[in-house]
Structures are given as C-alpha cells and as structure tokens.
Amino acid sequence: MPRNAPASLGDNVYLDIVAHGVEGENGFPAGPAELAADGASRGIRVLPGKPKPPPPVGDFSYVEVVGLL
Numbered sequence: 005m006p007r008n009a010p011a012s013l014g015d016n017v018y019l020d021i022v023a024h025g026v027e028g029e030n031g032f033p034a035g036p037a038e039l040a041a042d043g044a045s046r047g048i049r050v051l052p053g054k055p056k057p058p059p060p061v062g063d064f065s066y067v068e069v070v071g072l073l
C-alpha cells in the first residue's frame, strides 16, 4: 500500500492506519501511548469500548417485521 508503490510509506504511517482501523472503526477507545514498530507494543490489551449505533434505515428500504401485533 499504496497500490502503485508498495511498502513506500513509513512505519509510523502504517501504524496510524492500523490504529484507525482497530480503534476508530471498531469503537475501541484510544490507549495511553502510541503504537510502536519496535515491538514495544506487544503488551497491548484490547478492551471493549462503546459499540457503534446501527445506521438509520433509509427511505424505501425493505424491512421485515417478525412478531405479534
């Protein structure tokens, strides 16, 4: 990554991408220290954060209701 120049970014950029994917997109809270490429991040524990709310149902979406009315 990037497609036209693989392995052309620095380690800190790749760590930022991983941190964004793990923390930002999955709802995990940020830790007290930055990730490190030298193996110092081996003791990191992943703790659950707040779940992301489901996206709103758009207009004209197919919705199936199951249950008694």
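Residue numbers (the numbering used here): 5 to 73.
We treat Cβ as the ideally placed atom computed from N, Cα and C, and that holds for glycine.
C-beta contact flag for residue i and residue j at 7 Å
i	j	result
Ala23	Leu13	no
Ala41	Asp15	yes
Euclidean distance between Cα positions of residue i and residue j
i	j	result
Gly35	Pro55	17 Å
Pro10	Tyr18	12 Å
Val26	Pro60	23 Å
Arg49	Leu72	44 Å
Val67	Pro58	14 Å
Pro6	Ala37	26 Å
Cβ-heavy atom distance, residue i to the ligand ADP, below 6 Å
i	result
Ala40	Annotation note on the ligand ADP: not contained in the displayed structure, which lists no ligands.
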